[in-house]
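Below is one structure, written out as C-alpha cells; the observations come after it.
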Amino acid sequence: MVYRRVLLIGLLSLIIAIGVGILFAPVSSLIDRQEHDSHSHGTNADINSLYQNALVFPIPSHFDYDLPLIRVGWTLFRDEGLSSNNSVSCNSCHNLQTNGAETTPVSVGVGGAGSRNSLTVFNAALNYRFFWDGRTNSLKKQMNGPVHAPKEMASSWAAIVDYVASKPDYRTLFDEANILPISADSIQHALVAFQESLLTPNSPFDRYLNGDQYAIDSSSKQGWIAFQELGCINCHQGQNIGGSLMQRFGYYDNATSDGKKANEKDMGRYLITQQNADKYLFRVASLRNVADTPPYFHDGRTSNLEEAIEIMANIQTGHAIELTVINDLSAFLHSLSAPRPQVLEILERE
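All residue numbers for the sequence shown refer to my numbering, where the first residue is 11 and numbers rise by one.
Okay, structure coming up:
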C-alpha cells in the first residue's frame with residue numbers, strides 16, 4: 011500500500027512538472043516544435059495544437075469579411091452625426107488613419123476632456139474585458155458607454171436611430187447588407203462587425219511564432235525571454251497579449267501616491283463596484299501595436315515606451331531592471347507592431 015502511494019505521488023509530480031514545463035516553455039522549444047510540425051506535417055491542425063498550451067499565440071492571417079455589413083459599420087464609426095452636437099464620432103477618439111486610438115493623454119468629447127486615455131480599437135475584438143475598469147465583456151455592451159457618456163457622445167440609441175433612419179444613403183447601405191429595418195440592434199450589429207474586422211496579423215513577432223526565426227532580431231528575442239522571466243507574461247497573455255485580466259496598478263508600490271488628493275485619484279474598477287477589493291484595479295492593456303499607441307497607462311502619464319517599461323517593472327514586478335534589458339524589452343514590444351487592418355485599405359479604395 012505504501013509503495014503504491016509513493017508511486018502515485020511520483021506519477022502526479024511528474025505530470026505536474028510536465029504540464030508546467032509546457033505552459034512556460036521557452037520560445038526556442040516552441041519554435042523547434044513548430045518547425046518540426048511545419049516540415050513534417052504542415053497542417054493547420056498541427057499549428058493549432060502547438061498553441062494549445064502557449065500563453066501567447068499569433069493572430070490568424072486569413073479571415074472572411076462580410077463586406078456590405080462592415081461597410082455599414084465603417085460609415086457609422088466615422089459619422090459625427092451620431093453625437094448630440096454633431097461633432098464627435100467613434101473615430102474622433104479611435105483614429106482609424108493612425109493607430110486606432112489617440113496621441114493625447116485623454117480624449118475630448120461633447121462635454122469636454124475625459125479622465126482616461128483612449129484605448130486602441132485595433133484588435134479590440136480579441137479582448138475579454140473592455141474599458142480601463144473592465145466594466146463590460148462584449149463589444150456590443152461596450153458601445154453603451156461612449157454613446158451615453160456626457161463627456162463623450164452625450165446621445166442615446168433612440169436619437170441615433172432617428173438620425174440614421176433619416177438619411178437615404180444609410181437606408182441603401184443597410185439594404186445592401188440585408189439588415190433592415192434600421193434599429194438600435196442593426197446599428198450595433200454593424201458596428202460590432204466592423205470592429206471585429208480590425209485585426210492586425212503578421213507582426214514580426216507573429217511571424218516568429220509561426221516559425222520564421224529571422225522575423226525578429228536578437229535584441230527582440232532577448233526581450234521576449236526577459237518578458238517571460240520577469241513575469242510580464244502572467245498578465246499580458248493570450249492572442250491579444252493582454253486585454254482580459256484585471257490587475258491592481260502598483261502591485262509592489264503605491265503608484266497612486268502622486269501628490270493628488272484622495273478624491274482626485276482614479277481608483278479604477280472601484281468607481282464602478284464600490285467594493286474595497288477593487289480599488290486601483292485596471293484592465294491589463296493589450297500590447298499589440300503598443301509602440302504605435304502612446305501615451306501609456308490609464309492616465310496617459312508618459313509617451314515614452316522605455317519609461318513605461320521602467321514604470322511597469324518597478325511597480326508591477328518589483329524589479330529595477332538594467333538599461334540593456336529595457337532596450338531589449340522595447341525591441342520586443344516594437345516587434346508586436348503590424349500594418350493597419352487590411353479591411354481599412356479595402357474600404358478606403360472604394
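We treat Cβ as the ideally placed atom computed from N, Cα and C, and that holds for glycine.
Among residues of its own chain, excluding the 5 on either side of residue i, which ones have a beta-carbon nearer than 8 angstroms to its beta-carbon?
i	result
residue 349	210, 212
residue 103	111, 112, 117, 119, 128, 156, 162
residue 171	192, 193, 194, 197
Tell me which same chain residues have a C-beta within less than 6 angstroms of the C-beta of residue i, skipping the five on either side of it?
i	result
residue 362	Past the edges of the chain, shown from 11 to 360, lies residue 362, and the structure says nothing about it.
residue 162	119, 156
residue 344	301
residue 173	91
residue 269	Confidence at residue 269 is low in this model, with a pLDDT of 47, below 50, so the placement of that residue should be treated as unreliable; the coordinate-derived value is given next. Nothing listed; no residue qualifies.
residue 218	225, 226
residue 288	279, 280
So, is residue i buried or exposed, given that buried needs 16 or more other C-beta atoms within 10 angstroms?
i	result
residue 109	buried
residue 182	exposed
residue 334	exposed
residue 191	exposed
residue 179	exposed
residue 298	buried
residue 281	exposed
residue 203	buried
residue 50	No answer about residue 50 holds up, because its pLDDT of 34 lies below 50 and its placement is not dependable.
Would the beta-carbon of residue i fall within 8 angstroms of that of residue j?
i	j	result
residue 306	residue 323	no
residue 247	residue 135	no
residue 258	residue 290	yes
residue 168	residue 86	no
residue 137	residue 250	yes
residue 185	residue 292	no
residue 88	residue 99	yes
residue 94	residue 164	yes
residue 234	residue 342	yes
residue 351	residue 216	no
residue 166	residue 158	yes
residue 256	residue 139	yes
residue 84	residue 346	no
residue 240	residue 114	no
Is the Cβ of residue i closer than 8 angstroms to any Cβ of chain C?
i	result
residue 127	Included in the structure is just one protein chain, with no chain C present.
Going along the chain, which residues of its own chain have a beta-carbon closer than 7 angstroms to the beta-carbon of residue i, five neighbours each way excluded?
i	result
residue 296	133, 137, 250, 251, 252, 253
residue 153	198, 201
residue 243	65, 66, 237
residue 75	207, 353
residue 125	116, 276
residue 359	none
residue 355	none
Roughly how far, in whole angstroms, is the beta-carbon of residue i from the beta-carbon of residue j, given that I think they are within contact range, below 8 angstroms?
i	j	result
residue 77	residue 189	Their Cβ separation, rounded to whole angstroms, is 13 angstroms, which puts residue 77 and residue 189 out of contact at 8 angstroms.
residue 336	residue 316	5 angstroms
residue 338	residue 232	4 angstroms
Provide the residue(s) that pair with residue i in DSSP beta bridges, ordered along the chain.
i	result
residue 66	248
residue 123	118
residue 233	DSSP lists no partner for residue 233.
residue 292	257
residue 146	140
residue 312	306
residue 83	In the DSSP output, where bridge partners are listed per residue, residue 83 has none listed.
Heavy atom of the ligand COA less than 7 angstroms from the Cβ of residue i, yes or no?
i	result
residue 90	For the structure depicted, the ligand COA is absent and the ligand set is empty, with no information on it obtainable.
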